[in-house]
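From first to last, the protein sequence lines stand for chains Y and S.
Numbers in the numbering used here are just positions in the first sequence, counted from 1, shifted up by 19.
Numbers in the numbering used here are just positions in the second sequence, counted from 1, shifted up by 1068.
Backbone N, C-alpha and C fix where the C-beta goes; we use that ideal spot for every residue, glycine too.
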Amino acid sequence: MPVALVGFADPVLDAQACFRAVLDAMARPGSIHQVGGTLVAPASLCPAAAAVVLALVDGETSIFIDPAFADAADWVRFHCGVAPTPDASVAAFVLAPDLPDLRSLSCGSDEGPEDSATVIVQVAALGEGAVYTMMGPGLQYPRTFRATGLPVDFVARWAENHKLFPRGIDLILCAGDRLAALPRSLSITGG
Amino acid sequence: MNEILQGYNFAYLDEQTKRMLRRALLKAVAIPGHQIPFGSREMPLPYGWGTGGIQVTAAVLGPNDVLKVIDQGADDTTNAVSIRRFFAKTAGVATTTDTATATIIQTRHRIPEFPLSENQILVYQVPQPEPLSKLEPSRGETRRMHALAEYGSMHVRLYEDITRFGHVAISYDYPVMVGGRYLMAPSPIPAFDNPKLHMMPALQLFGAGREKRIYAIPPYTNVRSLDFDDHPFCAGRAPHPCGLCGSETSYLDEVVVDNKGGRLFVCSDTDYCETRRAAGHVGADA
Chain Y
20 MPVALVGFAD PVLDAQACFR AVLDAMARPG SIHQVGGTLV APASLCPAAA
70 AVVLALVDGE TSIFIDPAFA DAADWVRFHC GVAPTPDASV AAFVLAPDLP
120 DLRSLSCGSD EGPEDSATVI VQVAALGEGA VYTMMGPGLQ YPRTFRATGL
170 PVDFVARWAE NHKLFPRGID LILCAGDRLA ALPRSLSITG G
Chain S
1069 MNEILQGYNF AYLDEQTKRM LRRALLKAVA IPGHQIPFGS REMPLPYGWG
1119 TGGIQVTAAV LGPNDVLKVI DQGADDTTNA VSIRRFFAKT AGVATTTDTA
1169 TATIIQTRHR IPEFPLSENQ ILVYQVPQPE PLSKLEPSRG ETRRMHALAE
1219 YGSMHVRLYE DITRFGHVAI SYDYPVMVGG RYLMAPSPIP AFDNPKLHMM
1269 PALQLFGAGR EKRIYAIPPY TNVRSLDFDD HPFCAGRAPH PCGLCGSETS
1319 YLDEVVVDNK GGRLFVCSDT DYCETRRAAG HVGADA
């Protein structure tokens, strides 16, 4: 199938800008950043999620793409030079339309907690909807964070993930051209 | 605007290397204080001159960043000047010696005296990322010790200092606990700088090129210098005011000025000292 969609207009500087947004999002959990505004993404992907994939994924890593994003598989294959893996449990990146079962993904080992999945989740909206309160590294004071589209039992599922620290899964939430990140080190209440 | 050297990618490193570094950096921020192995590249300067710091800076640097590089606090030493020039040439970024206007500060062995802000990233050049290296030579074993948070041997090392000298005799690279979980080498910054690691508003990234490790401290993270209840951590400072700006709180360098035993104590942070002198502060030797 021909891949008609272009990637970053400037592969070097756009990737850098996207990475800095993700780095800042990860360092200051709950902060919302704009990325990928001008990117023409595959129909099912929002520009932010597409930009994160372009900026971080290549043939040296692995990505699992949820069947809901099947139309993005060829685009990822072409732009990132990686064949998506059919097995989510070994993937370094997981691209999903909603929060997958975190227990089914790689959470790293005690000696190598970095060998864990980063889940790029596409949510309905950031900055509105359910209110969560977060505390952890990166936050001077407990901070509230709002998102629409996370499951109702998100706080309980996150607590299970946070309990594994230093092992665990890190989330990058994307909605439209905005993203926020939730590293495993966070404790989250509310919902 | 600087003239960009033709024939190189932006900020020297190729994009695949940057992505590898960026993936490692994101995991480093998610696991504060944990050392992440990375594929350190050969750089156009030898190991020990800041190859780890340069690779981290190259991975985060963007065209709108303003870069400051310090070496033992000074902006004007060979190492600092050449790294600043390297990025001016390969990335065309603006450079500065002013701590407040810099967005990325690459440092060798100091934290600036002026407090850093949330909009800044501090990149450390790290010679030895493993705080347990002098106690346990095997990297396989220290990895396991970190996995189990088994840091008793470091406490014994501090205790032995106390029995022998009456105090912990570590004046630089003083080990810290990050987020209450990982023992971390803060790179050879003086113990005087250790309190600044705690709850710093800026993001702190550490790169060790020869040892091929990256680690990080996110902003506002709890960082505690290792100590005992009855021997609390105590940061030392030479008991003199700065000879040039008169500061009684900054970290000082001792400079031999003649062959008759003459000595001058000056701020190690040159930008801090110059800013104070420009504001009218005058030391006894100025």
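Q: Would you mind sorting K1136(S) into buried or exposed? The rule is 16 or more other CB atoms within 10 Å of its CB.
A: For the purposes of this step, residue 1136(S) is taken as the residue at position 68 of the second sequence. Buried: at least 16 other Cβ atoms inside 10 Å.
Using a Cβ-Cβ distance cut-off of 7 Å, determine whether Y1288(S) contacts chain Y.
Counted from its first residue, the second sequence places residue 1288(S) at position 220. So yes, Y1288(S) belongs to the interface.
Fill in: Test: L75(Y) CB closer than 7 Å to a CB of chain S
Residue numbering aside, residue 75(Y) sits at position 56 when the first sequence is read from its first letter. Yes, because at least one Cβ of chain S sits closer than 7 Å to the Cβ of L75(Y).
Check: Starting from S204(Y) and walking both ways along the beta strand (DSSP E), at which residues does that stretch end?
Finding: Your numbering for residue 204(Y) matches position 185 in the first sequence. Run containing S204(Y): none; DSSP gives neither H nor E here.
task = Can you tell me which of E133(Y), M153(Y), L205(Y), V140(Y) puts its alpha carbon nearest to the alpha carbon of K1095(S)?
result = Translated into the one-based positions of the second sequence, residue 1095(S) becomes position 27. Selected option, being the one with the closest Cα: E133(Y).
Exercise. Is the Cβ-Cβ distance between C1313(S) and R1345(S) less than 7 Å?
Worked result: As a working note, residue 1313(S) is residue 245 in the second sequence. As a working note, residue 1345(S) is residue 277 in the second sequence. Yes. Within cutoff.
Just reading off the alpha helix (DSSP H) that C1341(S) is part of, what are its end residues? Here residue 1341(S) is taken as the residue at index 273 of the second sequence, counted from 1. Note, C1341(S): alpha helix (DSSP H), 1338-1346.
Point to revise | Rounded separation between T1171(S) and R1207(S) - CA only | key: For the purposes of this step, residue 1171(S) is taken as residue 103 along the second sequence, with counting starting at 1. For the purposes of this step, residue 1207(S) is taken as residue 139 along the second sequence, with counting starting at 1. Going from the Cα of T1171(S) to the Cα of R1207(S) covers about 34 Å.
Q.
If the cut-off is 9 Å on Cβ atoms, which residues from the stretch 1259-1271 of chain S count as contacting chain Y, listed in chain order?
A. M1267, P1269, L1271
Check your understanding: Between which two residues does the alpha helix (DSSP H) containing I1151(S) stretch?
Key -> Here residue 1151(S) refers to the residue found at position 83 when the second sequence is read from its first residue. Run containing I1151(S): 1146-1159, per the alpha helix (DSSP H) assignment.
- Give the single residue among G210(Y), L192(Y), D196(Y), G209(Y) whose Cα lies nearest to the Cα of G49(Y). For this step, residue 49(Y) is matched to residue 30 along the first sequence. It is L192(Y) whose Cα lies nearest to the Cα of G49(Y).
- Task: Specify, as a first and last residue, the run of the alpha helix (DSSP H) that S1293(S) falls within.
- Result: For the purposes of this step, residue 1293(S) is taken as the residue at position 225 of the second sequence. Run containing S1293(S): none in the alpha helix (DSSP H); it sits in the beta strand (DSSP E), 1291-1293.
Requested in this report: Hey, could you find the ends of the alpha helix (DSSP H) L32(Y) is sitting in?
Outcome: To locate residue 32(Y), count along the first sequence from 1; it is residue 13. Per DSSP, L32(Y) belongs to the alpha helix (DSSP H) from 30-46.
Which same chain residues end up closer than 7 Å to V59(Y) when comparing Cβ atoms and leaving out the 5 residues on each side of it in sequence? Counted from its first residue, the first sequence places residue 59(Y) at position 40. So the qualifying residues of the chain are L24, V25.
| said: Rounded to the nearest angstrom, what separates T1167(S) and D90(Y) at their Cα positions? | reply: Translated into positions along the second sequence, residue 1167(S) becomes position 99. Translated into positions along the first sequence, residue 90(Y) becomes position 71. Using only the alpha carbons, I get a separation of about 48 Å.
### Message
Tell me which residue opens and which closes the beta strand (DSSP E) that V1246(S) is part of.
### Response
Numbered from its first residue, the second sequence carries residue 1246(S) at position 178. V1246(S) -> beta strand (DSSP E) spans 1244-1246.
| message | Looking at the strands, I want to know which residues DSSP matches up with Q53(Y). | response | In the first sequence, the residue the question calls residue 53(Y) occupies position 34. Paired residues: R197(Y).
Tell me the rounded alpha-carbon separation between V54(Y) and A67(Y).
Stepping through the first sequence from its first residue, residue 54(Y) is reached at position 35. Stepping through the first sequence from its first residue, residue 67(Y) is reached at position 48. Distance between the alpha carbons of V54(Y) and A67(Y): 5 Å.
*Could you tell me which chain S residues have their CB closer than 8 Å to the CB of R203(Y), listed as they occur along the chain?*
Residue numbering aside, residue 203(Y) sits at position 184 when the first sequence is read from its first letter. For R203(Y), the residues of chain S that pass the 8 Å Cβ criterion are A1098, I1099, in the order they occur in the chain.
Give me the chain S residues within the contact set of F173(Y), using Cβ-Cβ distance strictly less than 8 Å, ordered along the chain. For the purposes of this step, residue 173(Y) is taken as the residue at position 154 of the first sequence. Per Cβ cutoff of 8 Å: no residues; F173(Y) is ~18 Å from chain S at best.
Local Cβ density within 10 Å of V150(Y), reported as buried at 16 or more and exposed below that: Taking the first residue of the first sequence as position 1, residue 150(Y) is located at position 131. V150(Y) comes out exposed.
**Message:** Just to confirm before moving on: does the CB-CB distance between I1230(S) and A1092(S) stay below 7 Å?
**Reply:** In the second sequence, counting from the first residue as 1, residue 1230(S) sits at position 162. In the second sequence, counting from the first residue as 1, residue 1092(S) sits at position 24. No, they are not a contact pair.
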